[in-house]
Amino acid sequence: MKIFIMRNWHKISIFILAFTLIWLRRIDILTNAQFWAEDAVFWYKDAYEQGFFSSLITPRNGYFQTVSTLIVGATTFINPIYAPLLSNFFGIIIRAIIIWFLFTDRFKFLSTTSKIFISVYLICMPGLDEVQANITNAHWYLSLYVAMIIISEESKSKLWKAHDLFFIVLSGLSGPFIIFIIASSVFKYLHLSKGVISIRGLYLFYTRLPYLAMILCGLIQATSIILTFNGTRSHAPLGFSFDVMSSIISSNVFLFSFVPWNIANAGWDNHLLSYTLSTLVITLCVFIYIKGNWQMKVFATLPILIVAFSMAKPQLADSVPQLPTLATGNGSRYFVNIHIAIFSLICVCLFQCIKNKTLKIFFKIYVSVILIAMIKLNFFITPLPDMNWSQGAELINKAKHGEAVSFTVLPPWLTLDLIKK
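Going from the sequence shown to our numbering is simple: count from 1 and add 4.
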């Protein structure tokens with residue numbers, strides 16, 4: 005163990021630093037730990053009442069959400085007072101490990117400058133109020149992690165292969181995004197096959213263990229959706245229009261990547277700005293697919309597919325048109341991956357594709373100023389309302405067998421109803 009630590013002290017230090025900074029953005033994550041939304045009313049309740057294993061193999065909303073049922077379900081084995089603390093602790097780990105992975109030898113193709121800038125962004129990016137370290141939204145980060153596995157340099161190490169397989173299966177069984185990840189991997193196949201598409205080539209590529217695991221997980225999730233989906237998602241009208249979509253692309257997708265919502269919402273208020281920025285974003289996407297390398301295409305495709313399908317079937321409102329409600333900054337979880345992709349691709353283009361040294365220095369200074377402003381504007385996240393989870397946990401502890409326990413959780417309009425075991 006001592007030898008392992010000595011050899012990897014810098015990577016361990018990066019992980020610890022990332023974990024600490026993510027926690028410091030909203031210290032109540034651990035100092036006053038509370039469950040968020042489905043973490044309490046679905047995952048904790050199901051595991052507590054039905055049993056850990058039963059909740060683990062039961063799909064919710066049509067698909068398996070393993071990372072949530074696994075981690076939150078495991079907290080039912082400890083005192084309820086500490087359950088959110090353990091859950092949030094793992095939520096921070098899932099975010100910090102992304103930064104750790106970025107600094108491993110499998111990302112040698114990225115410059116140290118790009119890694120540092122991307123890591124700072126991952127820590128201080130805006131729009132994380134809804135997803136900051138809770139497990140119910142961990143699948144967004146896991147899909148990003150698997151995309152990173154695809155674009156990283158492959159390793160022959162058994163430990164790395166086990167690492168890849170573990171996170172692919174965990175992500176694949178934690179949401180439907182594995183289907184989009186498989187679609188994104190086509191660009192890696194085209195790169196390795198030098199653009200030649202053949203049945204034999206596809207067979208050899210997709211029967212390799214990591215990709216075979218993706219396909220199997222995708223089949224499991226697709227089968228689950230077909231067999232168990234009960235239409236529990238909102239049936240409210242979509243509220244689609246070109247003005248609305250332009251505002252979403254300009255504000256929610258682009259501006260919200262860099263500034264807090266009170267500034268980013270400008271695209272909803274100014275149609276000229278909205279159409280100008282949305283045209284710019286679409287142009288940049290086309291440029292990536294024409295001039296970018298296969299890794300850039302993989303990293304862009306996953307979040308684009310996530311946003312496209314999320315906007316086609318969102319879960320934003322029960323009665324009013326849904327897409328226009330994004331004008332309030334609601335639904336920020338849908339855009340986390342694309343925000344990371346936008347900033348990361350900008351960094352790669354500026355720091356690695358541009359060869360002129362003077363321009364490189366200029367852009368390093370320019371992006372540094374943006375990050376400093378971002379840290380000042382975004383770093384500290386407002387603590388969530390205190391719903392007194394510890395008092396609710398005491399109600400669970402003191403209740404008699406078979407007695408009903410009910411108390412309010414986050415967000416404040418939700419109630420956790422349990423039957424004491």
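Yeah, the Cβ is synthetic: ideal placement off N, Cα and C, and Gly gets one too. Quantities reported herein were computed from a predicted structural model and do not represent experimental measurements.
Whether residue i touches residue j by CB criterion (8 Å)
i      : j      : result
LEU422 : LYS49  : yes
SER282 : ALA270 : no
PHE121 : CYS351 : yes
SER261 : HIS343 : yes
SER146 : ILE98  : The residue you asked about is not Ser; residue 146 is Leu in the sequence shown. Their beta carbons are under 8 Å apart, which means LEU146 touches ILE98 by this criterion.
PRO63  : ALA397 : no
ARG337 : GLU134 : yes
LEU126 : ILE96  : no
PHE347 : PHE355 : no
LEU418 : SER410 : no
TRP272 : ALA345 : no
Range covered by the alpha helix (DSSP H) that runs through residue i
i      : result
VAL290 : 275-295
ASN92  : 87-106
PHE56  : 56-60
TRP13  : 13-29
TRP40  : Careful: TRP40 lies outside any alpha helix (DSSP H) and carries neither H nor E.
THR117 : 116-128
VAL257 : From DSSP, VAL257 is part of no alpha helix (DSSP H); its letter is neither H nor E.
THR329 : Per DSSP, THR329 belongs to no alpha helix (DSSP H) and is neither H nor E.
PRO307 : 298-316
ASN266 : 265-268
beta-carbon residue i near the ligand FAD non-hydrogen atom, thresh 7 Å
i      : result
HIS143 : Of the ligands one can find in the structure shown there are none, so the ligand FAD has no counterpart to examine.
Residues near residue i by beta carbon distance below 7 Å, same chain, minus five either side
i      : result
PHE384 : ARG29
LYS112 : GLU157
SER17  : none
LYS404 : LYS424
ILE219 : ILE186 and TYR210
VAL71  : ILE139, ALA142, HIS143, LEU146, LEU174 and SER178
Sequence-distant residues of the same chain with beta carbon closer than 6 Å to residue i, five excluded per side
i      : result
GLY222 : ILE182, ILE183 and ILE186
LEU90  : THR79
SER189 : ILE154
ALA87  : THR79
ILE253 : SER282 and VAL285
PHE94  : ILE75
Residues near residue i by beta carbon distance below 8 Å, same chain, minus five either side
i      : result
GLY406 : ILE423 and LYS424
Between the segment 159-172 and the segment 292-304, are three or more C-beta pairs nearer than 8 Å?
-> no
What are the complete alpha helix (DSSP H) segments, minimum 4 residues, inside the segment 334-418?
-> 340-352, 361-382 and 393-402
Counting pairs of Cβ atoms below 8 Å between the segment 314-326 and the segment 237-248, do you hit three or more?
-> yes
Do the segment 189-200 and the segment 299-316 make contact, defined as three or more Cβ pairs closer than 8 Å?
-> yes
Note down, one range per segment and in chain order, each alpha helix (DSSP H) of at least 4 residues found wholly within the segment 202-252.
-> Taking only runs of at least 4 residues, the alpha helix (DSSP H) segments lying wholly in the segment 202-252 are 203-210, 213-232 and 246-251.
Evaluate the contact criterion for the segment 304-321 versus the segment 361-376: three or more CB pairs, one atom per stretch, below 8 Å.
-> no
Contact between the segment 409-420 and the segment 32-49: three or more CB pairs below 8 Å?
-> yes
Length-filtered (4 minimum) alpha helix (DSSP H) runs lying within the segment 162-209 | 162-176, 182-188 and 190-196
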